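2 protein chains.
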Amino acid sequence: MSRYDPSAFPPFAVTVDLVVLTVREHALCALVVRRGEPPFQGYWALPGGFVRPDEGLAEAAARELAEETGLRAHTAHGQAAAGAHLEQLATYGHPQRDPRLRVVSVAHLALAPDLPTPRPGGDARSARWAPVGELLGRGGEDGVPLAFDHAAILADGVERARSKIEYSSLATAFCPAEFTVGELRRVYESVWGVVLDPRNFHRKVTGTPGFLVPSGGTTTRQGGRPAQLFRAGGATVLNPPMLRPEP
Amino acid sequence: MSRYDPSAFPPFAVTVDLVVLTVREHALCALVVRRGEPPFQGYWALPGGFVRPDEGLAEAAARELAEETGLRAHTAHGQAAAGAHLEQLATYGHPQRDPRLRVVSVAHLALAPDLPTPRPGGDARSARWAPVGELLGRGGEDGVPLAFDHAAILADGVERARSKIEYSSLATAFCPAEFTVGELRRVYESVWGVVLDPRNFHRKVTGTPGFLVPSGGTTTRQGGRPAQLFRAGGATVLNPPMLRPEP
DNA sequence: GTAATAGTGTCTCTCAGACATTATGCA
DNA sequence: TGCATAATGTCTGAGAGACACTATTAC
Numbered sequence: 002m003s004r005y006d007p008s009a010f011p012p013f014a015v016t017v018d019l020v021v022l023t024v025r026e027h028a029l030c031a032l033v034v035r036r037g038e039p040p041f042q043g044y045w046a047l048p049g050g051f052v053r054p055d056e057g058l059a060e061a062a063a064r065e066l067a068e069e070t071g072l073r074a075h076t077a078h079g080q081a082a083a084g085a086h087l088e089q090l091a092t093y094g095h096p097q098r099d100p101r102l103r104v105v106s107v108a109h110l111a112l113a114p115d116l117p118t119p120r121p122g123g124d125a126r127s128a129r130w131a132p133v134g135e136l137l138g139r140g141g142e143d144g145v146p147l148a149f150d151h152a153a154i155l156a157d158g159v160e161r162a163r164s165k166i167e168y169s170s171l172a173t174a175f176c177p178a179e180f181t182v183g184e185l186r187r188v189y190e191s192v193w194g195v196v197l198d199p200r201n202f203h204r205k206v207t208g209t210p211g212f213l214v215p216s217g218g219t220t221t222r223q224g225g226r227p228a229q230l231f232r233a234g235g236a237t238v239l240n241p242p243m244l245r246p247e248p
Numbered sequence: 002m003s004r005y006d007p008s009a010f011p012p013f014a015v016t017v018d019l020v021v022l023t024v025r026e027h028a029l030c031a032l033v034v035r036r037g038e039p040p041f042q043g044y045w046a047l048p049g050g051f052v053r054p055d056e057g058l059a060e061a062a063a064r065e066l067a068e069e070t071g072l073r074a075h076t077a078h079g080q081a082a083a084g085a086h087l088e089q090l091a092t093y094g095h096p097q098r099d100p101r102l103r104v105v106s107v108a109h110l111a112l113a114p115d116l117p118t119p120r121p122g123g124d125a126r127s128a129r130w131a132p133v134g135e136l137l138g139r140g141g142e143d144g145v146p147l148a149f150d151h152a153a154i155l156a157d158g159v160e161r162a163r164s165k166i167e168y169s170s171l172a173t174a175f176c177p178a179e180f181t182v183g184e185l186r187r188v189y190e191s192v193w194g195v196v197l198d199p200r201n202f203h204r205k206v207t208g209t210p211g212f213l214v215p216s217g218g219t220t221t222r223q224g225g226r227p228a229q230l231f232r233a234g235g236a237t238v239l240n241p242p243m244l245r246p247e248p
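One line per chain: the protein sequences are A and B, in this order. With our numbering applied, the first sequence covers 2 to 248. With our numbering applied, the second sequence covers 2 to 248.
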């Protein structure tokens with residue numbers, strides 16, 4: 002067997018990268034930052050950074066998320082603070098994925114409600130919300146692809162989000178604390194890129210136990226007849242699941 | 002912002018750990034090896050080892066799997082060689098998870114057919130297939146828990162396998178190349194820990210397009226009336242999914 | 001009024017779950 | 001002959017999908 006001597010282990014750099022998704026104007030968008038230094042200088046990239054010697058992976062991801070967006074993270078067993086859902090996505094460690102040194106990146110997926118300000122991070126780098134279709138289909142807005150292997154990471158994050166809102170109540174993470182059935186339906190439509198029947202959708206989500214709880218109030222912020230406001234119920238898994246229509 | 006100088010990155014050790022599952026005698030079993038050195042000397046642990054400087058994560062996992070079991074790995078886009086299914090599970094990086102040094106472990110999940118020999122690895126360490134219920138419920142066979150955080154990793158792997166055979170054809174990875182509907186049903190029963198109706202199961206799996214293709218032959222290795230033999234079809238996702246009965 | 005969205009009801013078809021019977025090989 | 005397992009058929013109820021109508025606000 003070829004077990005290494007632990008005192009002579011090969012050293013790696015470990016980072017966290019973030020796929021932060023939100024729904025803006027009926028489009029699924031991801032947070033990207035512009036790189037100010039080589040390699041890939043001037044390219045758009047996913048936010049991220051090195052894991053510190055004394056912090057865990059989820060901790061590092063939550064710290065980076067707070068630095069980039071000001072959001073507190075809701076982990077699975079998480080806090081009650083207002084903020085985003087955060088979960089580990091996958092780990093990317095191809096030997097040549099960073100030309101400088103051997104970097105293993107633990108990617109995380111964050112789902113956030115539409116933020117008033119797509120505010121840049123604390124430093125001078127610029128940041129923006131970009132529709133994922135623009136980022137994944139033939140490069141970015143200038144035809145420039147994402148830095149490193151970030152396009153693959155983003156694609157995996159988007160696919161995770163698309164499949165996970167089927168059988169979990171995670172779609173509510175894209176909504177503000179109080180939301181209407183129509184707003185939740187537009188989240189599903191934006192993430193899946195489909196059109197859903199409003200009547201069947203309403204019957205389904207209100208009939209799934211623990212998914213939605215009425216908050217009592219109503220709103221007309223979408224125009225038309227006043228709509229009932231709901232909060233996310235306690236249920237995390239949906240039974241029966243929402244079904245994504247096939248093309 | 003607190004971006005580290007890449008030339009002064011904090012060094013980590015990166016390992017791969019393997020959750021190798023199989024079905025033996027109507028029980029879901031995991032491969033564990035006995036540790037010959039501290040820490041956790043004498044404890045059972047998941048097989049694994051350090052990632053080498055020039056290999057990728059999946060590559061390292063496939064190498065460890067071959068060393069421990071002799072199986073070739075079938076990755077998602079993988080080879081045609083006879084062997085096990087292998088996929089990345091999750092990454093574990095709590096700062097104190099290894100008392101010696103900072104280790105980030107990228108856990109992988111492997112699903113294998115029942116192997117004739119639970120043969121130990123190339124070195125002198127002993128290895129065995131242990132029922133996961135025994136490993137997860139109140140420690141191992143001697144009441145000894147698994148080393149490090151391996152109980153949590155194993156639990157995550159088992160849950161991944163349990164949920165993934167619902168909507169994918171992965172259950173066939175537990176079967177030999179040719180198998181009967183009854184054998185496949187016993188896989189589902191063992192992994193889920195339930196009893197399934199043979200008639201409904203037969204109707205369901207044979208009616209799902211692309212799941213099973215008849216190989217033409219029959220067998221009586223289970224006794225009783227000769228059963229038709231099948232191979233795994235090309236389908237990877239099942240539509241409609243198999244439904245896990247609730248307790 | 002018009003326009004916009006919210007909310008409810010009905011029908012049909014597919015499928016999951018419960019259940020009985022016949023078929024075939026081995027000891 | 002007895003026993004094991006395989007394979008097929010029928011019924012019923014739940015739920016998804018298609019579709020029409022009424023309700024309530026803003027302008």
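Glycine included, every Cβ here is placed at the ideal spot set by N, Cα and C. Keep in mind the model is a prediction, meaning the values are calculated, not measured.
Range covered by the beta strand (DSSP E) that runs through residue i
i: A:R161; result: Careful: A:R161 lies outside any beta strand (DSSP E), inside the alpha helix (DSSP H) at H151 to Y168.
i: A:R25; result: A14 to R25
i: B:P177; result: Counting along the chain, B:P177 falls outside any beta strand (DSSP E), and DSSP gives it neither H nor E.
Which residues DSSP lists as bridging residue i, in chain order
i: A:E88; result: A:L110
i: A:W45; result: A:R35
i: B:T70; result: B:T70 pairs with nothing; no bridge assigned.
i: A:Q229; result: A:T219
i: A:L239; result: BP columns for A:L239 are empty, so no partner.
i: A:W193; result: Bridge partners of A:W193: none, in fact.
i: B:G57; result: Paired residues: none, contrary to the question.
i: B:V104; result: B:A14
i: B:A28; result: B:R25
i: A:A63; result: In the DSSP output, where bridge partners are listed per residue, A:A63 has none listed.
i: B:F128; result: The displayed chain sequence assigns Ala, not Phe, to residue 128 of chain B. The partner list for B:A128 (beta bridge, DSSP) reads B:V34.
i: A:H75; result: A:H86
i: B:F51; result: B:T16
i: A:L213; result: A:A233
Neighbour list for residue i in chain A, Cβ cutoff strictly below 9 Å
i: B:V105; result: F13, V15, V52, L58, T92, V105 and V107
i: B:F212; result: Ordered by position in chain A, no residue passes the 9 Å Cβ test against B:F212, which lies about 17 Å from the chain.
i: B:Q89; result: A91 and T92
Proximal residues of chain A, C-beta to C-beta of residue i below 8 Å
i: B:F41; result: Those within 8 Å of B:F41 in chain A number zero; the least Cβ separation is about 13 Å.
i: B:D55; result: P96
i: B:F149; result: Within 8 Å Cβ-Cβ: nothing; B:F149 doesn't reach chain A, min ~13 Å.
i: B:Q229; result: The contacting residues do not exist; B:Q229 stays about 30 Å from chain A at best.
i: B:G180; result: As written in the sequence, residue 180 of chain B is Phe, which differs from the Gly given in the question. Going along chain A, no residue has its Cβ under 8 Å from B:F180, so there is no contact; the nearest lies around 28 Å.
N- and C-terminal bounds of the alpha helix (DSSP H) containing residue i
i: B:F202; result: P199 to G208
i: A:V133; result: V133 to L137
Proximal residues of chain B, C-beta to C-beta of residue i below 7 Å
i: A:F175; result: Going along chain B, no residue has its Cβ under 7 Å from A:F175, so there is no contact; the nearest lies around 23 Å.
>> Could you check whether the region 148-168 of chain A touches the region 56-76 of chain A, counting it as contact only if at least three pairs of C-beta atoms, one from each stretch, sit closer than 8 Å?
In response: no
> When the Cβ atoms of the region 146-154 of chain A are set against those of the region 36-50 of chain A, are three or more pairs found closer than 8 Å?
Replying inline: yes
>> Using a Cβ distance threshold of 8 Å, determine whether the region 216-230 of chain A contacts the region 192-203 of chain A, with at least three qualifying pairs required.
In response: no
> Would the region 184-194 of chain B and the region 165-175 of chain B be scored as touching if the rule is three or more Cβ pairs under 8 Å?
Replying inline: yes
>> Check whether the region 50-58 of chain A and the region 206-218 of chain A touch, using three or more Cβ-Cβ pairs below 8 Å as the test.
In response: no
> Is there contact here, the region 211-222 of chain A with the region 231-240 of chain A, by at least three beta-carbon pairs under 8 Å?
Replying inline: yes
> Given a limit of 8 Å on CB to CB distance, which residues of the region 190-222 of chain B reach chain A?
Replying inline: none
> Is it a yes or a no for the region 13-33 of chain B touching the region 22-38 of chain A, going by three-plus beta-carbon pairs under 8 Å?
Replying inline: no
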